[in-house]
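Student: Position in the sequence shown (from 1) plus 613 gives the number in our numbering.
For every residue, glycine included, the Cβ atom is placed at its ideal position computed from N, Cα and C.
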Amino acid sequence: MKNALVSLRKLEKKYPCHHAVRGIDLDIRAGEFIALMGPSGCGKSTTLRLIAGLEEPTSGEIFIAGRSMNGVPAFERDTPMVWQSLALFPFLSVMENVEFPLRMKKIGPIERKKRAMEWLDRMGLSAMAERNVAQLSGGQRQRVAIARALVTQPPILLLDEPLSALDAHLRVRMQTELSRLHKELGITFIYVTHAQSEAFALADRIMLMNGGTIQQSGRPQDVYREPENAFVAEFMGMNNIISGTVSGRSGEFAVIETPLGRFEVPGGRLGNSGPASFVVSADRISLAGEGSGATNRVHGSVIGIEFFGSTQTVFIDVAGHEFRVQKQQHEIDALDLQPGRDVHLNWQPAHAWVLPQAA
Ligand code: ADP
Ligand code: MG
614 MKNALVSLRK LEKKYPCHHA VRGIDLDIRA GEFIALMGPS GCGKSTTLRL
664 IAGLEEPTSG EIFIAGRSMN GVPAFERDTP MVWQSLALFP FLSVMENVEF
714 PLRMKKIGPI ERKKRAMEWL DRMGLSAMAE RNVAQLSGGQ RQRVAIARAL
764 VTQPPILLLD EPLSALDAHL RVRMQTELSR LHKELGITFI YVTHAQSEAF
814 ALADRIMLMN GGTIQQSGRP QDVYREPENA FVAEFMGMNN IISGTVSGRS
864 GEFAVIETPL GRFEVPGGRL GNSGPASFVV SADRISLAGE GSGATNRVHG
914 SVIGIEFFGS TQTVFIDVAG HEFRVQKQQH EIDALDLQPG RDVHLNWQPA
964 HAWVLPQAA
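Here it is as structure tokens:
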């Protein structure tokens, strides 16, 4: 990528007992909001710490603004990091905490106070400048940490699950605040989270990791609707994954034989034979009490139902394969679904997504 602010090249990190990052290549533009996602232990924090200079790569390289960061210590990188265990200085006041990075940069006391006060103002903390950080609530402490990270006007802010210690209500408010800051400051945010809702609310681009590698990167809606492999499909959505063998074509659709039956899927990237997997997201399946003439149909028996606010997820056993179907309450009222009851499922061929990397 031309003009990337941050570039990772074949980045590797091996700990004595664990190969945490396995060859990551990534370019991040100035001003982008990137979310690094993935299950616990997949290497998100390690990747972030490598960018911050808190860890040295085993091999590979990191460039910031075109300059190799090999051997450049954290304090020279201008990549402050905010994380859930905030690491504020407990014996210093709010003001002293925010001033601290400016003090490290040898900025004089008058300028220091002025800039710190601007940031306290901006974060709604000016009335608390003299308080000890131990006297603040979790949300206030989080704002102090953000003010302290941004007071030096760094080009990049690294955030490692910064909101995960906050309660749900506060988390949503802080999300809005982070989003506003990102827009106002125009700086690059690299944000680690395992919460899909956070990544979707905030990020321009999602990087989904597993086992130390990037599985897919792209706009949230693309990664969600067009997963590249079974791992991404499982992680990102309520997806049903079905595998089989291509047996021929039916117009623009390919026909796939599977243990659950014969289905038609968009034929675009498929030939006339060979293995194939496709996903049907849980909200794209229709339920009925009786069989239909639909091209893609199966039937099974209800395992159980879970409520998520106004939507419900129905779990259905189809010949030993568990389907998940998401519906609004009113869409399934008439079916009176109960565990053990027979139910018919169907979906349109165009609503299946063929996985580019057959799993
Ligand atoms: P994530 O943030 O995605 O949950 P991490 O990057 O923290 O994952 O860790 C990735 C893997 O590397 C984990 O298996 C973890 O146990 C291991 N790991 C992380 N830090 C160290 C370390 N300092 N020493 C040894 N192993 C580590
Ligand atoms: Mg982590």
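Is the region 963-972 in contact with the region 927-935, if contact means three or more CB pairs nearer than 8 Å?
Tutor: no
Student: Per DSSP, what kind of secondary structure is ALA972 in: helix, strand or coil?
Tutor: For ALA972, the pLDDT reaches just 42, beneath the cut-off of 50, and the residue's location in the model is therefore unreliable, although a value from the coordinates is still provided. If DSSP states are grouped into helix, strand and coil, ALA972 belongs with coil.
Student: Flag SER658 as yes when its Cβ comes closer than 7 Å to any non-hydrogen atom of ligand 2, and as no otherwise.
Tutor: yes
Student: What residues are listed by DSSP as bridge partners for TRP732?
Tutor: Answer is none; TRP732 lacks a bridge partner.
Student: For LYS796, which three-state DSSP category applies?
Tutor: helix
Student: Under 8 Å, do VAL836 and ILE855 count as touching if we go by C-beta distance?
Tutor: no
Student: Which whole-angstrom value is the C-beta distance of VAL785 and VAL711, which I expect to be below 8 Å?
Tutor: So it is not a contact: roughly 24 Å between Cβ atoms.
Student: Quick one: does the C-beta of ASP773 sit closer than 7 Å to a heavy atom of ligand 2?
Tutor: It does: the Cβ of ASP773 is within 7 Å (strictly closer) of some heavy atom of ligand 2.
Student: To which residues of the same chain is MET851 closer than 8 Å at the C-beta, ignoring the five residues directly before and after it?
Tutor: SER894, ALA895, ASP896, THR926, ARG937, GLN939
Student: Please name the residue in ILE675, ILE723, ASP691 whose C-alpha comes closest to that of THR684.
Tutor: Just to set this straight, residue 684 is Gly in the shown sequence, not Thr. Answer by Cα proximity: ILE675.
Student: Can you tell me which of the three DSSP states ASP946 falls into?
Tutor: When DSSP states are grouped into helix, strand and coil, ASP946 belongs to the helix group.
Student: Would you list, in sequence order, the uninterrupted beta strand (DSSP E) runs of no fewer than 3 residues that lie entirely inside the region 648-701?
Tutor: 672-677, 694-696
Student: Between which two residues does the alpha helix (DSSP H) carrying VAL836 extend?
Tutor: 833-838
Student: Based on Cα-Cα distance, which residue from ASP817, HIS807, VAL868 lies nearest to PHE848?
Tutor: HIS807
Student: From the DSSP output, read off the bridge partner residues of ARG910.
Tutor: ASN959
Student: Out of ASP734, MET822, ARG954, LEU776, which has the shortest C-alpha to C-alpha gap to TRP696?
Tutor: In terms of CA proximity to TRP696, LEU776 leads the group ASP734, MET822, ARG954, LEU776.
Student: For the candidate residues LEU749, ASP773, SER706, whose alpha-carbon lies nearest to that of ALA742?
Tutor: Nearest of LEU749, ASP773, SER706 to ALA742, Cα basis: SER706.
Student: Just the C-alpha distance for PHE704 and GLN748, rounded to the nearest angstrom, thanks.
Tutor: Roughly 11 Å separates the two Cα atoms.
Student: Less than 8 Å between the C-beta atoms of VAL805 and LEU649, yes or no?
Tutor: yes
Student: Should VAL805 be listed as close to ligand 2, given that the test is whether its C-beta is under 7 Å from any heavy atom?
Tutor: True, at least one ligand heavy atom lies under 7 Å from that Cβ.
Student: In three-state terms, what does DSSP make of LEU618?
Tutor: Looking at LEU618 - three-state DSSP - the assignment turns out to be strand.
Student: Thinking C-alpha only, which one of GLY656, LEU701, ARG622, GLY721 is nearest ARG680?
Tutor: ARG622
Student: Identify which residue in GLU645, HIS957, LYS626 has its Cα closest to the Cα of GLY656.
Tutor: LYS626
Student: Taking contact to mean at least 3 C-beta pairs separated by less than 8 Å, is the region 719-734 in contact with the region 778-796?
Tutor: no
Student: Check whether the Cβ atoms of GLY880 and PHE866 sit closer than 8 Å, and answer yes or no.
Tutor: In this structure, the beta-carbon distance from GLY880 to PHE866 falls below 8 Å.
Student: Measuring only the C-alpha atoms, how far is ILE594 from LEU663?
Tutor: With the chain represented from 614 up to 972, any question about residue 594 goes unanswered, as that position is not in the structure.
Student: List the residues that DSSP assigns as beta-bridge partners of ARG635.
Tutor: According to DSSP, which records beta bridges pairwise, ARG635 is partnered with GLU625.
Student: Can you give me the C-alpha to C-alpha distance between ILE929 and ARG690, rounded to a whole angstrom?
Tutor: 52 Å
Student: Under 8 Å between the Cβ atoms of ALA687 and LEU667?
Tutor: A distance below 8 Å separates the beta carbons of ALA687 and LEU667.
Student: So for GLY881, helix, strand or coil by DSSP?
Tutor: coil
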